[in-house]
Amino acid sequence: MEQIEQVDQITDKITNFDWTNFSIDAGLFIIKIIIIYVVYKIIRAIGMKLIHGSFERYQRKNSVSAGRSKTLQNLVDSIFSYVLIFFLVITLLKQIGIDTTGIIAGAGIVGLAVGFGAQGLVSDIVTGFFLLLERQVDVDDYVTIGSFSGVVEQVGLRTTQIRSTDGTLIYLPNRQITTLSNHTRGNMQALVDFTVGNQLSIDQAMTVIQRECDKMAEHEENIVEGPNVLGVQSIGSSEVVLRVIARTKNGTQGEIERKLRKIIKEAIDAELNKVEREN
106 MEQIEQVDQI TDKITNFDWT NFSIDAGLFI IKIIIIYVVY KIIRAIGMKL
156 IHGSFERYQR KNSVSAGRSK TLQNLVDSIF SYVLIFFLVI TLLKQIGIDT
206 TGIIAGAGIV GLAVGFGAQG LVSDIVTGFF LLLERQVDVD DYVTIGSFSG
256 VVEQVGLRTT QIRSTDGTLI YLPNRQITTL SNHTRGNMQA LVDFTVGNQL
306 SIDQAMTVIQ RECDKMAEHE ENIVEGPNVL GVQSIGSSEV VLRVIARTKN
356 GTQGEIERKL RKIIKEAIDA ELNKVEREN
């Protein structure tokens, strides 16, 4: 009997339930949720368009590389998206009757706690941001950071990645970048020290080398100035070391140094053969 009465009570509740008002309330709630989401998408689309347009103008106006502009743009995109999502969640929670005051206050406390526990991460982000903002380094730059040298492959907000000459990819936390040498800004210097035996006099060797350097300068477009023989760098018991330098376009100094070594070696060998034949 009790079970039958319980079934009757449930049936009465279902029958007497105000389904009309419930349907209206549910429909209005769904409509509100849809409107909130649509407004979120519209604001996000407009915000992203404004951000991207701003960075395009910034890139054109300041002659900023595409890599740096894209990295900064991604940073602003992420911050904007996270802030919008936070307000979207708060708004949705309000619609279902949850008091968000405590949540907002709690978010502040949690953020403060995370801040104290992740000071290194914050330092990485701040340093990475200023590396990009101040144009200290860019992708494809050849840099020296501490004891590491290589080509920059990525500048992130937390780490900077450089590829060393042996192919090793090095990840450096940005907070550890206290001194950075960028070898890819402006013209560079190619420097070659060449050892010459005592079969040739110093003046004779310098004349031969300078003649070949002048020939090279005529057709080598990557040379900005020189190459010039500076003179004697050091003297040994049976040889001298002569130094040659040239100003080159950025990133080509290694190539120019290799070419200089080749033409100097060939010129000295040819001069030695000439001297031997004359004797």
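According to this note's numbering, the residues represented by the sequence shown are 106 to 384, in order. Built from N, CA and C at the ideal position, the CB exists for glycine as well. A quick note: this is a predicted structure, and the numbers were derived from the prediction, not measured.
Alpha-carbon to alpha-carbon, residue j and residue i
i	j	result
residue 197	residue 150	20 Å
residue 138	residue 185	21 Å
residue 133	residue 183	32 Å
residue 355	residue 331	15 Å
residue 238	residue 262	11 Å
residue 377	residue 366	16 Å
residue 204	residue 128	24 Å
residue 336	residue 271	33 Å
residue 257	residue 141	43 Å
residue 364	residue 342	28 Å
residue 194	residue 231	27 Å
residue 370	residue 159	55 Å
residue 190	residue 146	10 Å
residue 167	residue 188	28 Å
residue 385	residue 136	As shown, the chain starts at 106 and ends at 384. That puts residue 385 outside it, with no answer to give.
residue 236	residue 144	36 Å
residue 242	residue 274	17 Å
residue 312	residue 229	54 Å
residue 350	residue 303	22 Å
residue 253	residue 152	40 Å
residue 326	residue 154	42 Å
residue 324	residue 360	14 Å
residue 307	residue 264	51 Å
residue 284	residue 233	13 Å
residue 382	residue 305	14 Å
residue 181	residue 276	23 Å
residue 192	residue 259	32 Å
Chain-order list of residues whose beta-carbon lies under 7 Å from that of residue i (same chain, five-residue window excluded)
i	result
residue 301	310, 344, 345, 347, 373
residue 174	160, 163, 164
residue 292	329, 352, 353, 354, 355
residue 245	256, 257
One or two residues paired with residue i in a DSSP bridge
i	result
residue 296	350
residue 250	253, 285
residue 142	Residue 142 is not bridged to any residue.
residue 333	350
residue 274	268
residue 302	344
residue 339	346
residue 259	266
residue 328	353
Contact set for residue i: own chain, Cβ-Cβ below 8 Å, skip 5 residues either direction
i	result
residue 217	With a pLDDT of 49 at residue 217, under the threshold of 50, the modelled position of this residue cannot be trusted; read the value that follows with caution. Nothing listed; no residue qualifies.
residue 362	295, 296, 297
residue 202	none
Presumed contact (8 Å Cβ cut-off) between residue i and residue j, rounded CB distance
i	j	result
residue 178	residue 156	6 Å
residue 240	residue 255	Their Cβ separation, rounded to whole angstroms, is 19 Å, which puts residue 240 and residue 255 out of contact at 8 Å.
residue 334	residue 315	5 Å
Beta carbon proximity, residue i to chain D, threshold 8 Å
i	result
residue 167	Absent here is chain D; the protein component of the structure consists of one chain.
Contacts around residue i, its chain only, beta-carbon distance under 6 Å, and the 5 residues preceding and following it disregarded
i	result
residue 338	298, 346, 348
residue 380	none
Exercise. Any contact of the segment 317–332 with the segment 280–287, i.e. 3+ C-beta pairs under 8 Å?
Worked result: no
Problem set entry | Cβ contact check for the segment 248–256 and the segment 281–297: 3 or more pairs under 8 Å | yes
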